[in-house]
Amino acid sequence: MSSAPALRGPGGAWLPGPWRGDGEPRFRRVAALGGVYSNHIALRRALEDARDRKVDAVICLGDLGAFGPHPDRTAALIRENEIPVVRGNYDDSIARELEDCQCGYTDPKDNHYARISYEYTLANTSREYRRWMGSFPSTLRFRVGETRVLAFHGSPRRMNEFLWETTTPTHFLDGMAREHDAELLLGTHTGIHWSRSLTGGGSYVNAGALGRPANDGLTEVWYVILEAAGAGVAHEFVPVAYDHEALAMEMQEEGLPAKFVETILTGWWTTCLEVLPGKERSRGRW
Amino acid sequence: MTRIELAVLDAPEEPRHQAAPSVGLESLDELWFQVSGTVCNLRCSHCFISCSPENHSFWLMTREEVATALEASVELGVKEYYFTGGEPFMNREMEEILGDTLAIGPATVLTNATLMPERRAWALAELAERSPYTLELRVSLDGVTKEMNDALRGEGAFERCMDGVEKLVKVGFLPIITCMRSWPEERTEGYLDDFGDLLAGIGYDRPRVKILPPLLIGEEAKRTRGYEETERITHEMLHGFDLSQLLCTRARLVTARGVYACPILLDSPSARVGETLAEGAESDVLLGESACFTCYMSGAICSNTSASQGADR
Ligand code: SF4
Ligand code: SF4
Ligand SMILES: [Fe+2]
């Protein structure tokens with residue numbers, strides 16, 4: 080297990096995060112991050128950044144592992160800072176030692192790369208962290224100001240459901256918000272951040288991914304800040320510039336595929352492209 | 004959870020149905036339209052619903068008929084819209100229908116791409132550009148050579164299809180090329196490379212290719228073989244099975260003659276589940292057909308990726 084030191088918040092306190100006490104916690108300003116994919120360097124940067132922005136909570140939307148190096152370093156940072164996590168498909172697979180990451184690739188090439196990163200992550204996640212991941216809840220509820228937020232990984236009904244901007248109708252999200260009695264739906268899993276105001280007055284926010292860039296040719300990765308604004312809530316997507324070359328180096332040292340390293344260095348996705356809708360795919364390079 | 008019930012039927016002349024399990028709709032994620040009925044400009048020897056220029060058993064849908072279902076679909080929370088036939092572009096109102104659809108959600112057209120004049124490719128590109136949602140073109144191409152494809156799809160089909168794909172690529176689409184597997188499974192990777200080379204030759208350098216398992220019904224059953232009587236879904240087979248793998252637990256097909264369980268069983272009267280979409284969404288589906296066995300074995304062959312499905316938490 081890595082000995083990455085825990086981040087300390089202002090005044091030496093723990094970075095806020097744990098859900099203490101009963102009932103629905105309520106915050107003014109929350110940082111939500113997901114799809115960390117073992118990018119512990121970006122994670123540390125994002126946590127520092129969130130602390131500087133004086134958030135009163137950080138929540139992780141799942142998928143701690145995959146893709147990047149040394150999964151235990153990411154797990155340590157999240158756990159030692161007591162950041163609540165909703166279970167991602169990767170966390171679920173690793174915790175239960177399933178055969179694959181549940182992304183559902185059918186293309187043999189996508190499958191090939193998905194298998195490499197899954198096997199690496201499974202082999203390098205300590206037993207203690209695996210057990211811990213099994214305890215992640217599938218959803219979390221809290222309030223930002225007055226707004227009732229439902230946090231999940233893919234969708235409230237299925238942790239590995241992809242909600243892409245160009246394949247998710249507004250009426251579908253409206254129905255989901257109604258069914259789950261939430262005013263803000265908060266997820267990740269696709270790796271590209273986006274948001275939409277719903278017809279019924281609610282909203283959907285996809286926090287994007289901290290683990291790999293958003294397939295836009297930039298090396299920055301993303302998280303989101305939700306903030307109470309009047310009776311409602313505002314959100315701001317935050318780009319995180321981090322030492323991506325150091326990450327690339329670690330990935331190389333760990334023998335992870337050159338294709339993965341290329342994504343970190345170029346900002347373009349190179350694998351697992353099969354699940355991208357045409358519109359998102361054509362904005363990318365591959 | 005999806006209900007699994009023993010179907011009680013008063014049709015004793017079809018004993019195989021008596022043992023069949025049935026399932027209800029879990030959520031109407033995919034709405035399919037038999038938009039050109041059974042009318043097609045081609046007459047492929049493996050067509051699973053035996054479409055041809057003369058097959059009018061299902062007629063073309065009008066723009067109004069589609070619009071009525073689209074309207075109902077909003078309330079039902081539909082996520083994706085699929086258009087099939089026959090050949091959807093045999094329907095003269097197809098572009099308007101796509102415009103109506105793309106105003107509310109993503110659309111996928113299953114086409115043979117042989118009716119793709121340049122004007123149409125541009126019109127489609129414009130529709131896609133205007134919508135916040137994706138427009139996917141799924142093109143059937145059943146081989147990497149003229150010989151391989153045309154043996155199934157008819158003389159000249161290969162060239163016309165490649166020409167259509169080239170036009171779509173030129174205007175900015177990344178069509179999904181689907182190919183029915185007609186080779187042993189272990190050779191699939193090699194064929195995927197061949198497809199890559201073939202498509203790169205017409206300027207499609209990052210092709211999306213999807214290999215589908217053959218369905219042994221319709222013309223394909225005559226061409227090869229039908230399923231064995233034993234190859235049917237039984238109650239025992241559904242224990243612990245992820246029902247979302249079956250399209251009928253998350254989709255319905257709207258036709259000019261009512262609503263069906265799925266796009267595969269158009270020829271089975273028992274698969275007609277209602278007159279209106281609301282009715283069809285309420286009704287359970289009998290898993291009594293041999294094609295159901297293919298769904299069970301292969302899962303998710305109709306949707307764009309299998310990734311939108313998966314085990315329930
Ligand atoms: S397989 Fe497709 S293109 Fe061929 S006849 Fe049937 S509907 Fe037409
Ligand atoms: S063929 Fe498949 S989708 Fe259609 S009714 Fe049978 S199991 Fe359901
Ligand atoms: Fe995920």
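Heads up: the protein sequence lines correspond to chains A and B, in order. For the first sequence, this note's numbering begins at 80 and goes up steadily by one. For the second sequence, this note's numbering begins at 4 and goes up steadily by one. The beta carbon of each residue, even a glycine, is placed where N, CA and C say it ideally should be. Just so you know, these numbers come straight off a predicted model, no measurement behind them.
Check	Outcome
Beta strand (DSSP E) runs contained entirely in the region 245-295 of chain B, provided each spans 3 or more residues	254-258, 261-263 and 275-277
Proximity winner among B:Ile-179, B:Gly-108, B:Phe-92 and B:Arg-156, relative to B:Pro-120 (alpha-carbon distances)	B:Phe-92
Heavy atom of ligand 3 within 8 Å of A:Gly-233 beta-carbon	yes
Cβ neighbour criterion (16 or more within 10 Å) applied to A:Ser-214	exposed
For A:Ile-368, the residue or residues it bridges with in DSSP	Any property of residue 368 of chain A remains undetermined from this structure, which presents chain A solely from 80 to 365.
Against chain B: residues of the region 233-246 of chain A by CB proximity under 7 Å	Arg-237, Met-238, Asn-239, Glu-240, Phe-241, Thr-245 and Thr-246
is_contact[A:Phe-251, chain B] using C-beta, thresh 9 Å	yes
For B:Arg-141, the three-state DSSP class (helix, strand or coil)	strand
Span separating the alpha-carbon of B:Gly-243 from that of B:Leu-249	14 Å
Closer than 5 Å: residues whose CB approaches a heavy atom of ligand 3	A:Asp-142, A:Gly-167, A:Asn-168 and A:His-268
Distance, A:Glu-161 Cα to A:Phe-231 Cα	18 Å
B:Thr-3 CB to nearest heavy atom of ligand 2 below 8 Å	Any property of residue 3 of chain B remains undetermined from this structure, which presents chain B solely from 4 to 316.
Close-in-space but distant-in-sequence residues of the same chain around A:Glu-332 (CB under 8 Å, 5 per side omitted)	Pro-148
Min CB distance A:Glu-359 to chain B below 9 Å	yes
Short-range partners of chain A found in the region 170-194 of chain B, where Cβ spacing is below 9 Å	Gly-175, Phe-176, Leu-177, Pro-178, Ile-179, Thr-191 and Glu-192
Contacts of A:Pro-336 in chain B (Cβ-Cβ under 7 Å)	The contacting residues do not exist; A:Pro-336 stays about 17 Å from chain B at best.
B:Thr-297, buried or exposed, once every other Cβ within 10 Å from all chains shown has been counted against 16	buried
Distance between B:Val-262 and B:Ala-75 (C-alpha atoms, nearest Å)	13 Å
Chain-ordered residues of the region 92-125 of chain B with a beta carbon less than 7 Å from chain A	Ile-107, Gly-108 and Pro-109
Neighbour-count burial assignment, A:His-191, 16 or more Cβ in a 10 Å radius	exposed
For B:Met-183, the residue or residues it bridges with in DSSP	B:Leu-215
Proximity below 9 Å, CB of A:Ala-136 to CB of A:Pro-104	yes
Those runs of the alpha helix (DSSP H) which lie wholly inside the region 98-170 of chain B and span at least 4 residues	121-133 and 149-156
Inter-residue spacing [alpha-carbon to alpha-carbon] between A:Arg-206 and B:Ser-134	48 Å
Cβ-based burial, B:Thr-137 [other Cβ within 10 Å; buried from 16]	buried
Candidates A:Tyr-116, A:Cys-139 and A:Gly-167: closest to A:Arg-158 by CA position	A:Cys-139
CA-to-CA distance, A:Ile-271 to B:Ile-267, given in whole angstroms	34 Å
Residue-level contact to chain B via CB, A:Met-212, 9 Å cutoff	no
Nearest residue (CA-CA) to B:Val-69, options B:Val-147, B:Trp-35 and B:Cys-164	B:Trp-35
Within chain B, partners of A:Gly-254 - CB distance below 7 Å	Gly-80
Whole-angstrom distance between A:Ser-217 and A:Val-398, CA atom to CA atom	The shown model of chain A, from 80 to 365, leaves out residue 398 of chain A, and the question about it has no answer.
Buried versus exposed, by CB contacts within 10 Å (16 or more), A:Ala-293	buried
Close Cβ partners of B:Ala-128 (< 6 Å) along its chain, the five nearest in sequence each way excluded	Val-174 and Gly-175
Per DSSP, the bridge partner or partners of B:Tyr-85	B:Trp-35 and B:Thr-111
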